[in-house]
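Before any comments, here is the structure.
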Amino acid sequence: MKINAHPQIAFSAQGIFSEWPEFEYRQAQQEMSSLVWEVVERGGCALIEAGTGTGKSLAYLYPLFTQTIQEKGSVVIATYTINLQQQLMEKEIPFLAKILGIPLKAALLLGRGNYLCWRKLAFYRQHPDKLDSSQRRFLLRVLTSAEENLGCLEQLGYSLPSELREKLTSEAETCLRKICPFQGKCFWLLARKEAFAAEVIIVNHHLFFTDLSMRMEREFADDKLVLPPYHYVIFDEAHHVEDVAAEYLGLRLDEYEIERFCKRLLHKEGRWGNGWLVSLRQRLLEKGSDLAFMQRSIAAL
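Going by numbering that gives the first Met the number 0, the sequence shown opens with residue 0, and the numbers climb by one from there.
See below:
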């Protein structure tokens, strides 16, 4: 069986997945995977809704992985929950790599605040008096397991109190960057380096849109972006995407902003009767019969 077999074959009762003892033929999974395959081949996007038990992860992973292997491109999978991220990393991707008989390099990248900061750890180790007794006990646990868990809070196996978490985690605002004595083993930078070298990068929706908003501003060099260049994006748990996207790409207006905008319609620079609407009215009265002029004037607002 070729690893680039069409999903109609791969997910059939006699396909490559049938070698798995727990495999169960599911028509919905076969159809979904075929649709993803077609979209990857022709370009564009697809919005897919599938019920529980469809096997959605394998349905989109199979066509994306086969294309990634052929084109040497990277795939970003954005989910809403850490549980699904861990399921993909620990179960779905290793299983697919085994079935296909090929190595697949995947990396899980969380937001910066999910990684410990070596400089902060060193500071509180030298100044334990800055912590209360409970926080000192947690600090000892963190210090003994930080490297083993790659500095990732989600892999510690326990939760840190919120106040201690703020004291110990990485922050862009307080990062010393190149002058930091711990830059060479920075947990956040190492996680990003691993993601940049991976074929499959798993992130949450928030991290994806953080990166996208930076790309849209066009003020950041590629090495300053959160994510490496990628060819394909999958949004799993996509019913959350609208809210997260609006948070990063939308415009939030409060009562003050609306009031200020309305005032600009009538006056500007402290002069009443010199605002956008007044100016537009004067222009239209002067050249009201010139349709092209009217359209340009309105567009100029």
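Glycine residues also receive a C-beta, built at the ideal position from the N, C-alpha and C atoms.
Self-check item: Validate contact between the region 139-158 and the region 93-104 using beta carbons, cut 8 Å, 3 pairs
Solution: Fewer than three Cβ pairs drawn from the region 139-158 and the region 93-104 lie within less than 8 Å of each other, which leaves the two stretches out of contact.
Practice problem: Could you say if the region 136-149 and the region 105-122 meet the contact criterion of at least three C-beta pairs nearer than 8 Å? | Solution: Yes: the two stretches touch, three or more of their Cβ pairs being nearer than 8 Å.
Quiz item: Alpha carbon to alpha carbon, what distance is there between C174 and P180?
Solution: As a position in the sequence shown, residue 180 is number 181, starting the count at 1. As a position in the sequence shown, residue 174 is number 175, starting the count at 1. Rounded to whole angstroms, the separation of the alpha carbons of C174 and P180 is 11 Å.
Quiz item: Residues bridged to T78 by DSSP?
Solution: Looking up residue 78 in the sequence shown gives position 79. According to DSSP, T78 bridges with N203.
Quiz prompt | DSSP beta-bridge partners of A105 | solution = Here residue 105 corresponds to residue number 106 of the sequence shown, with the count starting at 1. Listed as beta-bridge partners of A105 by DSSP are V199.
Practice problem: Please report how far the alpha carbon of H230 lies from the alpha carbon of G72, in whole angstroms. | Solution: Position 231 of the sequence shown holds residue 230. Position 73 of the sequence shown holds residue 72. H230 and G72 have their C-alpha atoms spaced approximately 6 Å apart.
Practice problem: Could you pull out every residue in the same chain whose Cβ sits closer than 6 Å to the Cβ of V302, ignoring the five residues on either side in sequence? | Solution: Outside the displayed range of the chain (0 to 300) lies residue 302, so it cannot be described from this structure.
Quiz item: Hey, out of G100, I47, P127 and M213, whose CA is closest to K166's CA?
Solution: As a working mapping, residue 166 is identified with position 167 in the sequence shown. Answer by Cα proximity: P127.
Quiz item: Alpha carbon to alpha carbon, how far is V232 from F16?
Solution: The sequence position of residue 232 within the sequence shown is 233, counting from 1. The sequence position of residue 16 within the sequence shown is 17, counting from 1. Each residue's Cα considered, the two are about 24 Å apart.
Practice problem: Flag this pair as touching only if the region 234-245 and the region 195-214 have three or more C-beta atom pairs under 8 Å; answer yes or no. | Solution: Segments in contact, yes.
Quiz item: Going by beta carbon distance, what residues of the same chain come within less than 8 Å of V74, once the five residues before and after it are set aside?
Solution: To locate residue 74, count along the sequence shown from 1; it is residue 75. Cβ contact annotation for V74 (same chain, cutoff 8 Å, sequence separation greater than five): L63, F64, T67, E198, V199, I200, Y229, H230, Y231, V232 and I233, in chain order.
Quiz item: Going by DSSP, what residues sit across from I92 in a beta bridge?
Solution: For the purposes of this step, residue 92 is taken as residue 93 along the sequence shown, with counting starting at 1. DSSP output for I92 lists no bridge partner at all.
Self-check item: Nearest-angstrom Cβ-Cβ length linking R111 and S169, presumed shorter than 8 Å
Solution: Numbered from its first residue, the sequence shown carries residue 111 at position 112. Numbered from its first residue, the sequence shown carries residue 169 at position 170. That pair is a contact at about 5 Å.
Quiz item: Do the CB positions of Y61 and F10 come within less than 9 Å of each other?
Solution: Mapped onto the sequence shown, residue 61 falls at position 62. Mapped onto the sequence shown, residue 10 falls at position 11. Closer than 9 Å, so yes.
Quiz item: To which residues does DSSP link L188 through a beta bridge?
Solution: On the sequence shown, position 189 is the one that residue 188 refers to. For L188, no pairing in a beta bridge is given by DSSP.
Self-check item: Endpoints, beta strand (DSSP E) assigned at Y231
Solution: Residue numbering aside, residue 231 sits at position 232 when the sequence shown is read from its first letter. First-last of the beta strand (DSSP E) with Y231: Y231 to F234.
Quiz prompt | Own chain partners of N3 with C-beta closer than 6 Å, once the 5 adjacent residues on each side are dropped | solution = Taking the first residue of the sequence shown as 1, we reach residue 3 at position 4. So the qualifying residues of the chain are T65.
Quiz item: Quick one: what does DSSP say T53 is sitting in, helix, strand or coil?
Solution: Along the sequence shown, read from residue 1 onward, the residue named residue 53 stands at position 54. Note: T53 maps to coil in three-state DSSP.
Self-check item: Burial state of A105 (16 or more Cβ within 10 Å)
Solution: Mapped onto the sequence shown, residue 105 falls at position 106. A105 should be labelled buried.
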